Structure formats: structure tokens, C-alpha cells
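Taken in order, these protein sequences are the chains called Z and A.
Just so you know, we're using this note's numbering here: the first sequence kicks off at 28 and counts up by one.
Just so you know, we're using this note's numbering here: the second sequence kicks off at 28 and counts up by one.
Cβ atoms here follow ideal geometry from the backbone N, Cα and C, with glycine treated the same way.
From a predicted model like this one, the values you see are computed outputs, not experimental measurements.
Remarks on the structure that follows.
Protein chains: 2
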Amino acid sequence: MKRQKRTTIYDIAQRLNLAASSVSRALSDSPKVNAATKALVLKTALEMNYQQNAMASNLRKGNNPTIGVVVPRINQNFFSNIIAGLEEVTYKKGYNLIICQSNELHAREVDCVNALINQHVSCIIISIAAETGDHNHLQQVLDHHIRLIQFDRVVEELDTFKVINDNERASFEAVTHLIEQGYKRIALLEGPQDINIFRQRKEGYLAALKNNGFPILEELMCENAWTKELGAVATVQLLNLPEPPDAIFASTSDFSALGVLEVATDKGISVPDALGICGYSNEPFTEITSPSITTVDQYSVSMGKTIANLFFQEMEVFEHSVEPKIVSIKPKLIVRKSTQRKISS
Amino acid sequence: MKRQKRTTIYDIAQRLNLAASSVSRALSDSPKVNAATKALVLKTALEMNYQQNAMASNLRKGNNPTIGVVVPRINQNFFSNIIAGLEEVTYKKGYNLIICQSNELHAREVDCVNALINQHVSCIIISIAAETGDHNHLQQVLDHHIRLIQFDRVVEELDTFKVINDNERASFEAVTHLIEQGYKRIALLEGPQDINIFRQRKEGYLAALKNNGFPILEELMCENAWTKELGAVATVQLLNLPEPPDAIFASTSDFSALGVLEVATDKGISVPDALGICGYSNEPFTEITSPSITTVDQYSVSMGKTIANLFFQEMEVFEHSVEPKIVSIKPKLIVRKSTQRKISS
DNA sequence: TTTTAGTATGCAATCGATTGCCTGATTATT
DNA sequence: AATAATCAGGCAATCGATTGCATACTAAAA
Chain Z
28 MKRQKRTTIY DIAQRLNLAA SSVSRALSDS PKVNAATKAL VLKTALEMNY QQNAMASNLR
88 KGNNPTIGVV VPRINQNFFS NIIAGLEEVT YKKGYNLIIC QSNELHAREV DCVNALINQH
148 VSCIIISIAA ETGDHNHLQQ VLDHHIRLIQ FDRVVEELDT FKVINDNERA SFEAVTHLIE
208 QGYKRIALLE GPQDINIFRQ RKEGYLAALK NNGFPILEEL MCENAWTKEL GAVATVQLLN
268 LPEPPDAIFA STSDFSALGV LEVATDKGIS VPDALGICGY SNEPFTEITS PSITTVDQYS
328 VSMGKTIANL FFQEMEVFEH SVEPKIVSIK PKLIVRKSTQ RKISS
Chain A
28 MKRQKRTTIY DIAQRLNLAA SSVSRALSDS PKVNAATKAL VLKTALEMNY QQNAMASNLR
88 KGNNPTIGVV VPRINQNFFS NIIAGLEEVT YKKGYNLIIC QSNELHAREV DCVNALINQH
148 VSCIIISIAA ETGDHNHLQQ VLDHHIRLIQ FDRVVEELDT FKVINDNERA SFEAVTHLIE
208 QGYKRIALLE GPQDINIFRQ RKEGYLAALK NNGFPILEEL MCENAWTKEL GAVATVQLLN
268 LPEPPDAIFA STSDFSALGV LEVATDKGIS VPDALGICGY SNEPFTEITS PSITTVDQYS
328 VSMGKTIANL FFQEMEVFEH SVEPKIVSIK PKLIVRKSTQ RKISS
């Protein structure tokens, strides 16, 4: 059985003894076509079950109202919220969203980006994979005159639009809060330092310590404590130190913080009294654990909207070559029980 | 500043003094072109930074290796997992994914579906919105010879491929488990009954009661207890009954179950001893609450993969008009502390 | 009545890649 | 040496919609 052909403007034109151009104009409500004809065409189109072929239209018009999104993982709270936020805005503008996930792999990210370039999307919105490599693929995007917005995890040296969280500031506030609660030895679980956001969070941590005259202790900083499991491992190590920390800032994620909490609970260490815990991301579960976990909310859905708006307001048309802008969103510290000591400073 | 043109096969052809057709063939590695020429074209294409125009190619070839996905909410654990699973498979096949969310609204769902028809996608994968209406839009999909797969929340009377969970079975097992744990008055928090999955879960509940000779008590069934807040409200009502339930099966979601748990904790009702709680979906947080919540895992990521594979194996080519198939996945009851009584039956 | 303006519509090129068919050149076959 | 076979490449139509330009027709102005 052959694939039956779909009705085109030519079919409509033939049926009505019109030229295809008139049908096209009628359908796009051009003023150059008579009202009666317009109505007739519309009616016939409906009858014949016509649906425009977007590929043909976009090809001819030389633009594709589609935005490509590349994220490390689609099913991660932060990213799926970003996507939801993006969709909310792009939907209203009649744009489509093509979603790809890099699975944190550089090669796959490159693949996805190339596929999106092929698609001639109007814009690519990307948060780079943990496995970083060169960024020729991003340069390629620019070379093909496709707008590029980086968010959250960005390649800083690349001169593009960026929407980021003020990680350093948030981190600074979180650590300051811990200090205010009277914690004296504050450990840091940090992420891969070749990713900007983790560098920034470390900066914030260091700045807060300095600001309060606290010493910087190498043994209290654990690299790569990224997942719940790694967070737990790091915690065990930290607690075995001759002088263990009295607070742990899991700057990588709430999952990591959860690992910390589980180890503490296992060992019968009282949180927040003997150990303060602060996570990052405001995952839904942080509200539910006992005690609930202090964390940093990144306004992810609204960040998605911001990104989309940035495209529509600044980049969709580019009359003049716009100067890439960096939008920084200040995340919010959500203080919960895991850091609220009864004894106060 | 005008948008600079991207290099096309014509540009390459001109540079090499070849016909565009030869360039096209060379790029698609056709045997009709000399190896030396092929190499030359490839090299030149690279030099000139050529990227194929997928719109033109797809238009000519009359197919678009893209799959459209419509879900109620992108940032809901179940759906984002489905999408991740889909992407995993479609990526390998070189297909793109266009994602839309209906926000549980019928009108918006219709909009999304139409946009996808315009795009001439190869397949539409959909889970319908809570706000149901007619399903002309789905019929439209079929009329335009676009493959359609419904999953999870499906319109049963529409003869399409479907991938569903065996909700009734899972629900039956959950309630049976409660009975085995010695609970005697088991309440049900149910979802909108015009959505198939919620009907099925109720069926399973009823079947399990009957199967064990338990009476069906209207006052123990609460409609529309869908969110955490509604779950809490329903729980308060249930607990105020002259004969309150000793177990609550929140068949709508884990969020609902969480609402139940919070009310119980507030009122100092011991879970699982005085009140058993079972949720649905295996949201990550169910493992973390105290006590952890018994729930039903839907294998969402793997379900996504199943859906995509269904398309590639059965529908991508349709030699013969294939008979729509229904794939039913048996979810798994995850027994946790919220239903494990020390006193056993 | 002729000119002008304006309206509605048609013609044909175009977007970029693909592909059936044809041709010229080279090699193989008898 | 003549014919057939093979290879490499070119020509031109095609996918479906859009759009600049041309044209036929009507109505208004001179």
C-alpha cells in the first residue's frame, strides 16, 4: 500500500480553478485576495483536510521557527523545569522545541548540535556536558549564523548570550548562613572544577570563609562528590578526620546532600545540632527529608522563561548585530531545618 | 547587516566545476560517483563549512525523521523520564524529538497536535491531557497518515498503538498487599474517572477487595484527590469518619500519598501501625520520607524506550498496514515501610 | 471617451537537495 | 576493429509553498 498523498495548495487550486499563488495568499490572509475567494479557499481547505507543509514553507521563507535545546539530562529536575519554562514561552510564539540530551558526553553533545545546525533552527540553547572538550561545535553554531544561548553550565570564554545563576553569590550566602548559625568547621563537597558553576560555587565558599576570618582548610574540600553515593563516601571520609567538620555544604547537588544526611543518620549524628547540611538546587525532596534540607533554589522554570524571552526580545530579529548579554539570576537560599540550630550564635 | 547565505551544494559544485547532483551523490556516498571525486567533494565541503539543509532534503525525500511528543507536563517525573527514554532510542536512529506540553488543557493539546501535523513528523506520541474533550485531533493525525502512539493516558476507543501500564493489575497487587498486612478498612484516593488510568486503578482496588471478601464502602472512596493538598484534605475527611480507614491507597500519585503522610504525622497517627499508606509512581522522594512510602514503579524510562522501539520495529516502514498493538507493561509494587506492619497477619 | 488608479489573480522563479534518465568516455569482449 | 558493457557525471524535474512581477478587469477621474 502506497503512502497516500496529502492535499497541497495545488489540489485546492485545481478544485477551485485558481492559481496556487492565490490559494497561498488566501491562506495567509493576504490583503491582495478578494474576501469572497478567501472564504471559499478556507472552506475548501477545511473540506479537503488541508494542512500546510511546514517544511516547504520554511524552506521557501528561509527560516525555521524552531529552537533546539541541548541539556545533559532531560529527566533531571533542574533541566526538565528549564525545558518546561522554555516551552511555556515558545509555544505562545508558535515556535517548536527540539530537545536533545548529551548524557554528559561531549561527543554526543557535538552530534546533537550538528543535527540542530542541519535543521536550520533559529536558536540553540545549551547547557554543556560534564565531559568537556573543545568547543568548536559551538563556534560552528555561530559560524552558521544561528543564535546561541548558553545557560547554567557555560563556556565562559565564548562570547555568546548567557543566562546563569549567580552561583558565587548564592554559595557565599549559604556559607555565610552556616557561619551565622555558629558552625565553625565547614566542609565543601565540590563538583568538577572545569565546569564554571562548580568553580563559582567554590569561589563563593572561599569568599565567605575569608570574609569571616575563617581559615581555608584543604582537608575539608572534597572534589567530585557529585551524586548521593559519592556524597556519602566523602562524608564518611570527612567524619573520620581527626578534626571532623561540623557542617557540610554539598555545593554539587541536593543528591549529594542527601548522601550526607543518610550517613549522618546512620552514624547517629544529630542534624543540625552536631552537623549542619546545606544542599543545592531545591529538589522537591529536600522539603521532605527529616530534617528538611537547607538548599538553594535556582528558579528553574522562570529561568527557562527568561532564556526564551531573551531570544524573542533581543535576538529573533537582528537589525544590528546585538552585543551578547549576560543575564545573571540571583538564586535564593532556602533555609530549612538541617541548618537551623537551636543554639544560635 | 544581511543574514549571510550558508553554503549549499551549488556553491560546492561551482567551486569544483561539478554538477550539484554529483555533489549530492558524493555527500550521500552514492556508488555512482568516483572515489577521487567523492574525497574531493568531502574535503571541499568541510573547507566551505557546509552543513546540509535538512528542510530541503526532507521536503524532497518526502519524510521527516522527527517524532513529536505531547505530554501534559514536561517537568513531571514520569513524563520527563518517558522523554529521556524516548530520546535514548531515537537519538541512535538519527531521529529528532519535538516536545510539546499540553498543560493538561485540551485546547492546547489540539494546538500542539496540529503543529506537529504541519511539521509532517513521522510519528506522534501522546499522553492525553486531564481536561479531555473530543478526539478529532487524534483522528486527524491518522487521516494524515501519521503514525500515532498513545501511552499511559489513552483514549481507549481510538484504534491506535498503545503502550500502557497494567494499572489494574498493579492496583490489585497494591491493595492485596495491604490486605495481607492486615489492614481491614482500606480507603482509595482516586483520580478523574474520565481518564483511563484512574478508572483502571479503581477497578484493581475493587477487584482486590472483592477477591478477599471485603465490603465495598462508598464513604472510603474519595474522588479527585490528585495533588498533595487535595490528598491532605481527603485524609482529614476520612479520618473524621465514625469508622476511619486503617489504610489509604493514594492511587493518583505519590504526591497525594505525601499529603496523607503529612496529615497522619501531624495528628500523631503512627504509620504504618495505625495507618498504612501506599502511593503510585515511585517518585524519588518516596524513598526518603519517614517512613518511606510503599508505591508502584512504572518503569518510566524503559517505557519510553519501549514506545520508541515500537515505532521503529513495527511502524517506521509500513509494508502492510500493521494491526495496532497494545503493549502492556506490568508495573512493580515497591514495598516500603509505610505499609509494613510489625504485627503481621 | 480616454486615462488613471486600483483590485484581483496568474505566471514563473525560487528555496536546497534528490533522483530518474540520458550521454560521453573508458574498458572489456568477441 | 567493432560492439557491448560499465562507469562517471550532467540535465532537469520535483518536493510544496512563497513572492515579485505582469496582466486582466473594473471603477473612478478627467
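Have a look at the DSSP bridge pairing and note the partners of K359 (chain Z). Z:D324
To test your reading of the DSSP string, which unbroken beta strand (DSSP E) runs of 3 or more residues are found completely within the segment 135–195 of chain Z? 150–153, 174–178 and 188–192
Looking at chain Z, which residues of the segment 167–196 of chain A have a Cβ within less than 8 Å of any of its Cβ atoms? Those would be Q167, D170, H171 and H172, in chain order.
From E346 (chain A) to E158 (chain A), what distance separates their C-alpha atoms? In this predicted model, E346 (chain A) has a pLDDT of only 48, less than 50, meaning its place in the structure is not dependable enough to derive any value.
Which of helix, strand or coil does DSSP assign to S93 (chain Z)? Strictly speaking, residue 93 (chain Z) in this sequence is Thr, with Ser absent from that position. In the structure shown, T93 (chain Z) sits in a strand (DSSP, three-state: E or B).
May I ask you to report which of helix, strand or coil DSSP gives L268 (chain Z)? Coil.
Count the CB pairs spanning the segment 148–155 of chain Z and the segment 165–176 of chain A that are closer than 8 Å, and state whether there are at least three. The segment 148–155 of chain Z vs the segment 165–176 of chain A: no contact.
Helix, strand or coil at I126 (chain A) according to DSSP, with G and I counted as helix: strand
Under 7 Å Cβ-Cβ, which residues of chain A neighbour S107 (chain Z)? I101, N102 and S107
Is F312 (chain A) close to chain Z? Criterion is C-beta to C-beta, closer than 7 Å. yes
Which residues share a DSSP beta bridge with V354 (chain Z)? Z:V190
Of the residues Z:K237, Z:Q78, Z:L244 and Z:F199, the one placed nearest L265 (chain Z), counting alpha carbons only: Z:L244
Using the Cα positions of E114 (chain Z) and L132 (chain A), report the straight-line distance between them to the nearest angstrom. E114 (chain Z) and L132 (chain A): Cα-Cα distance of roughly 14 Å.
Stretch pair the segment 320–327 of chain A + the segment 346–366 of chain A: three plus CB contacts closer than 8 Å: yes
So which residues on chain Z does I126 (chain A) lean against when the C-beta distance must stay under 9 Å? V96, I101, I110, E114, N123, L124, I125 and I126
Which chain Z residues sit within Cβ distance under 9 Å of Q78 (chain A)? N141, I144, N145, H147, Q167 and H171
With 16 other CB atoms within 10 Å as the buried threshold, where does F282 (chain A) fall? buried
Counting C-beta neighbours from all protein chains within 10 Å, is the total for L236 (chain Z) 16 or more, i.e. buried, or is it exposed? By the neighbour-count rule (16 or more Cβ atoms within 10 Å), L236 (chain Z) is buried.
Chain Z beta carbons: is any one of them nearer than 7 Å to that of N85 (chain A)? yes
With a Cβ-Cβ cutoff of 7 Å, do H164 (chain Z) and V140 (chain Z) count as a contact? Their beta carbons are under 7 Å apart, which means H164 (chain Z) touches V140 (chain Z) by this criterion.
Starting from the beta carbon of L285 (chain Z), find every residue of chain A whose beta carbon is closer than 8 Å, and list them in chain order. I315
Please name the residue, chosen from Z:A261, Z:V287, Z:H147 and Z:V50, that lies closest to A66 (chain Z) on a Cα-to-Cα basis. Z:V50
Quick check on H347 (chain A): does DSSP put it in helix, strand or coil? Legend: pLDDT at H347 (chain A) = 46, less than 50; position of this residue unreliable, value from coordinates given subsequently. H347 (chain A): coil per DSSP, three-state reduction.
Is it true that the CB of L205 (chain A) sits closer than 7 Å to the CB of M248 (chain A)? Not a contact, by the Cβ cut-off of 7 Å.
Distance cutoff 7 Å, beta carbons only. Does M75 (chain A) sit that close to anything in chain Z? no
Using beta carbons (cut-off 7 Å, strictly below), is A81 (chain Z) in contact with chain A? yes
Could you tell me which of A:D161, A:A156 and A:T187 sits nearest to L169 (chain A), measuring between CA atoms? Checking every option, the nearest Cα to that of L169 (chain A) belongs to A:T187.
Note down, in chain order, each residue of its chain lying with its Cβ closer than 8 Å to the Cβ of S319 (chain Z), except the 5 sequence neighbours on either side. T313, R363, K364 and S365
Where do the N-terminal and C-terminal ends of the alpha helix (DSSP H) with I224 (chain A) fall, by residue? N223 to N238
Would V287 (chain A) pass as a contact of T262 (chain A) if the rule is Cβ separation under 7 Å? yes
Of all the alpha helix (DSSP H) runs that stay within the bounds of the segment 243–314 of chain Z, which reach a length of 4 or more residues? Within the segment 243–314 of chain Z, the runs of alpha helix (DSSP H) that reach at least 4 residues and sit entirely inside it are, in chain order, 255–266 and 281–294.
How about K352 (chain Z) and G112 (chain Z): are their beta carbons less than 7 Å apart? no
In its own chain, which residues sit with a C-beta less than 6 Å from the C-beta of D193 (chain A), not counting the 5 before and 5 after it? So the list reads S355 and K357, once near-sequence residues are dropped.
Output needed for R110 (chain A): all residues of its chain with C-beta closer than 8 Å, excluding positions within five of it in sequence on either side, in chain order. Rather than Arg, the amino acid found at residue 110 (chain A) in this sequence is Ile. Same-chain partners within the cutoff: V96, V98, I101, L124, I126 and G331.
Just tell me which of A:A274, A:E183 and A:Q146 has its CA closest to the CA of A291 (chain A). A:A274
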